[in-house]
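J.: Here you go, one structure.
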Amino acid sequence: MNRVAVVTGATQGLGLALVEGLAQRLSTGDTVYLTGRDHERIQQAVEAMPAGGAHVRGEVFDVGDPEAAARFADLVRERHGGVDIVFGNAVMRVGPDDDPRAIIDTYTEVNNFGTTRLLRAFAPLVRDDGSLIVVASSLGTLKQLAPVLHHHFDGLTALDEVDEQVAAWRDAVKDGSARSGAWPGFVNIPSKIAQVAAVRALASQRRDGDLTRGILLAAVCPGMINTPTSALWWDVSDAPTPATAAIALLDLVLEPGKPEHYGELVRFGQVVPFTPGTAARR
Numbered sequence: 001m002n003r004v005a006v007v008t009g010a011t012q013g014l015g016l017a018l019v020e021g022l023a024q025r026l027s028t029g030d031t032v033y034l035t036g037r038d039h040e041r042i043q044q045a046v047e048a049m050p051a052g053g054a055h056v057r058g059e060v061f062d063v064g065d066p067e068a069a070a071r072f073a074d075l076v077r078e079r080h081g082g083v084d085i086v087f088g089n090a091v092m093r094v095g096p097d098d099d100p101r102a103i104i105d106t107y108t109e110v111n112n113f114g115t116t117r118l119l120r121a122f123a124p125l126v127r128d129d130g131s132l133i134v135v136a137s138s139l140g141t142l143k144q145l146a147p148v149l150h151h152h153f154d155g156l157t158a159l160d161e162v163d164e165q166v167a168a169w170r171d172a173v174k175d176g177s178a179r180s181g182a183w184p185g186f187v188n189i190p191s192k193i194a195q196v197a198a199v200r201a202l203a204s205q206r207r208d209g210d211l212t213r214g215i216l217l218a219a220v221c222p223g224m225i226n227t228p229t230s231a232l233w234w235d236v237s238d239a240p241t242p243a244t245a246a247i248a249l250l251d252l253v254l255e256p257g258k259p260e261h262y263g264e265l266v267r268f269g270q271v272v273p274f275t276p277g278t279a280a281r282r
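Take the sequence shown: its position 108, counting from 1, is numbered 108 in the UniProt record's numbering, and each next residue is one higher.
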């Protein structure tokens, strides 16, 4: 059976590099969906793809649209019957000068509710030996959060629970109570923690069946990448390019899976502990 891959947020940066890498490493009969929210940028990205390898197909998929994930999953089901690789990479980036109160609605709609909608829509479509991956960050661990806040994201067992916690945090940012409390001012930290918590929650429901079928559900940290957005916050002059950063993620989904990666945050092939004091596993 020909393989099918979907990459969200794929018109630039890491997402575009993942599409290019999949196209090169999959077979000519396979299909890679390059998705984003802007039709013109999607078409430009598809047209710039190197020749050869899998067929790259552009589709509009705005993860910030509450109906888009279910709609696009239905389209993939109708065309192919299922999916083999999904990279949830779409993200709304935030800069140092952005006011969290002004952007938090759109930010959580894309980064967090977009993630949980993607997981709900595509988890039932993943075929045997497939992968469902959320691109997150090593910031997405409880180590980055004040201990008094750990209970918000630790031990969650349903995506609805994750959404409830994200909504409560979002509202606290909007009304200013987050800023006067223990929440970090950098909204990327709770957002990334919630993404990893979403993967862990879904994994708690699907673990036995997925492991029997060889399915990998995981969050991944690609490490620091040399992109214009990262450069707003850090010195990334020596950081890898998106193409280089994509290699470890592609290896994760295209090489034989490791059960210890299931439901975890993985960075360069190693599990990053979600809970402080837990030893990392290779």
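Note that beta-carbon positions come from the ideal geometry of N, C-alpha and C, so glycine has one too.
If you draw a straight line from the C-alpha of Arg179 to the C-alpha of Pro100, how long is it?
T.: Here residue 179 is taken as the residue at index 179 of the sequence shown, counted from 1. Here residue 100 is taken as the residue at index 100 of the sequence shown, counted from 1. Rounded to whole angstroms, Arg179 to Pro100 spans 10 Å at the Cα level.
J.: Cα separation between Ile215 and Leu132?
T.: Counting from one through the sequence shown, the residue named residue 215 turns up at place 215. Counting from one through the sequence shown, the residue named residue 132 turns up at place 132. Each residue's alpha carbon lies about 8 Å from the other.
J.: Judging by CA-CA distance, which residue of Thr157, Leu217, Leu142, Asp238 is the nearest neighbour of Ser191?
T.: By 1-based counting over the sequence shown, the position of residue 191 is 191. Sorting Thr157, Leu217, Leu142, Asp238 by C-alpha distance to the C-alpha of Ser191 places Leu142 at the top.
J.: For a quick check, are the C-beta atoms of Val196 and Ala136 less than 8 Å apart?
T.: On the sequence shown, residue 196 is found 196 positions in, with the first residue counted as 1. On the sequence shown, residue 136 is found 136 positions in, with the first residue counted as 1. For Val196 and Ala136, yes; Cβs fall inside 8 Å.
J.: List the endpoints of the continuous beta strand (DSSP E) containing Ile85.
T.: Position 85 of the sequence shown holds residue 85. Run containing Ile85: 83-88, per the beta strand (DSSP E) assignment.
J.: For His39 and Gln12, what's the separation of their Cα atoms in angstroms?
T.: Here residue 39 corresponds to residue number 39 of the sequence shown, with the count starting at 1. Here residue 12 corresponds to residue number 12 of the sequence shown, with the count starting at 1. Each residue's alpha carbon lies about 13 Å from the other.
J.: Counting Cβ pairs closer than 8 Å, one from the segment 46-54 and one from the segment 18-29, do we hit at least three?
T.: yes
J.: If you check the beta carbons only, do Leu34 and Ala48 fall under 8 Å apart?
T.: What you label residue 34 is simply residue 34 of the sequence shown in a count that begins at 1. What you label residue 48 is simply residue 48 of the sequence shown in a count that begins at 1. It is not a contact, given that the beta carbons lie outside the stated cut-off.
J.: Give me the residue from Ala167, Val76, Ala146 with the minimum Cα distance to Leu125.
T.: Translated into the one-based positions of the sequence shown, residue 125 becomes position 125. Minimum Cα distance to Leu125 is reached at Val76.
J.: Taking the alpha carbon of Pro256 as the point to measure from, which residue in Leu265, Leu211, Thr244 has its own alpha carbon closest?
T.: Looking up residue 256 in the sequence shown gives position 256. Minimum Cα-Cα distance from Pro256 among the listed residues Leu265, Leu211, Thr244 corresponds to Leu211.
J.: Taking C-beta to C-beta, are Pro222 and Ala245 nearer than 8 Å?
T.: Position 222 of the sequence shown, counted from the first residue, corresponds to residue 222. Position 245 of the sequence shown, counted from the first residue, corresponds to residue 245. Yes.
J.: Give me, in chain order, the residues of the same chain whose beta-carbon lies closer than 8 Å to that of Pro50; leave out the 5 immediate sequence neighbours on both sides.
T.: Sequence index remark: in the sequence shown, residue 50 carries index 50 (1-based). Its chain contains Glu20, Ala23, Gln24 as the residues whose beta carbon lies nearer than 8 Å to that of Pro50, once the 5 sequence neighbours on both sides are disregarded; these appear in chain order.
J.: Helix, strand or coil: which one does DSSP assign to Tyr33?
T.: Within the sequence shown, the letter at position 33 stands for residue 33. Strand at Tyr33.
J.: In whole angstroms, what is the alpha-carbon distance linking Gly15 and Val7?
T.: Numbered from its first residue, the sequence shown carries residue 15 at position 15. Numbered from its first residue, the sequence shown carries residue 7 at position 7. Distance from the CA atom of Gly15 to the CA atom of Val7, rounded to whole angstroms, is 7 Å.
J.: Please say whether Ile104 and Leu145 have beta carbons closer to each other than 8 Å?
T.: The residue you call residue 145 lines up with position 145 of the sequence shown. The residue you call residue 104 lines up with position 104 of the sequence shown. Going by C-beta atoms, Leu145 is not nearer than 8 Å to Ile104.
J.: Extract the residue ranges of the alpha helix (DSSP H) inside the segment 140-186, only unbroken runs of 4 or more that lie entirely within it.
T.: 159-175, 177-180
J.: Could you pull out every residue in the same chain whose Cβ sits closer than 7 Å to the Cβ of Ala201, ignoring the five residues on either side in sequence?
T.: The count along the sequence shown starts at 1 and reaches residue 201 at position 201. Contacts found: Leu156, Thr157, Ala158, Leu159, Glu161, Val162.
J.: Report all residues from its chain with a CB closer than 6 Å to the CB of His166; omit the five preceding and five following residues, and keep chain order.
T.: One-based indexing of the sequence shown puts residue 166 at position 166. With the sequence shown as reference, residue 166 is identified as Val, and His is not the correct amino acid for it. These residues qualify, in order along the chain: Thr108, Asn112, Ala194.
J.: Just how far apart, CA to CA, sit Arg282 and Arg207?
T.: Residue 282 sits at position 282 when you count from the first residue of the sequence shown. Residue 207 sits at position 207 when you count from the first residue of the sequence shown. Any reading at Arg282 must be qualified, since the residue scores a pLDDT of 42, below 50, and its modelled position is unreliable; the value itself is stated next. Approximately 19 Å between the Cα atoms of the pair.
J.: Could you give the residue range of the beta strand (DSSP E) that holds Ala5?
T.: By one-based count along the sequence shown, residue 5 stands at place 5. Where Ala5 is concerned, the enclosing beta strand (DSSP E) stretches over 4-7.
J.: Are there 16 or more other CB atoms within 10 angstroms of the CB of Asp84, so buried, or fewer, so exposed?
T.: Start at 1 with the first residue of the sequence shown, and residue 84 comes out as number 84. Flag for Asp84 reads buried.
J.: Find out if the Cβ-Cβ distance for the pair Ala90, Gly140 is shorter than 8 Å.
T.: On the sequence shown, position 90 is the one that residue 90 refers to. On the sequence shown, position 140 is the one that residue 140 refers to. In this structure, Ala90 lies away from Gly140, with their beta-carbon atoms at least 8 Å apart.
J.: Following the continuous alpha helix (DSSP H) through Glu47, name the residue where it begins and the one where it ends.
T.: In the sequence shown, the residue the question calls residue 47 occupies position 47. Counting along the chain, the alpha helix (DSSP H) containing Glu47 begins and ends at 39-47.
J.: For Ala243, which residues in the same chain have their Cβ closer than 6 Å to its Cβ, ignoring the five residues on either side in sequence?
T.: What you label residue 243 is simply residue 243 of the sequence shown in a count that begins at 1. These residues qualify, in order along the chain: Ala17.
J.: Please report the distance separating the alpha-carbon of Thr241 from that of Ile225.
T.: Working through the sequence shown from its first residue, we reach residue 241 at position 241. Working through the sequence shown from its first residue, we reach residue 225 at position 225. Distance between the alpha carbons of Thr241 and Ile225: 6 Å.
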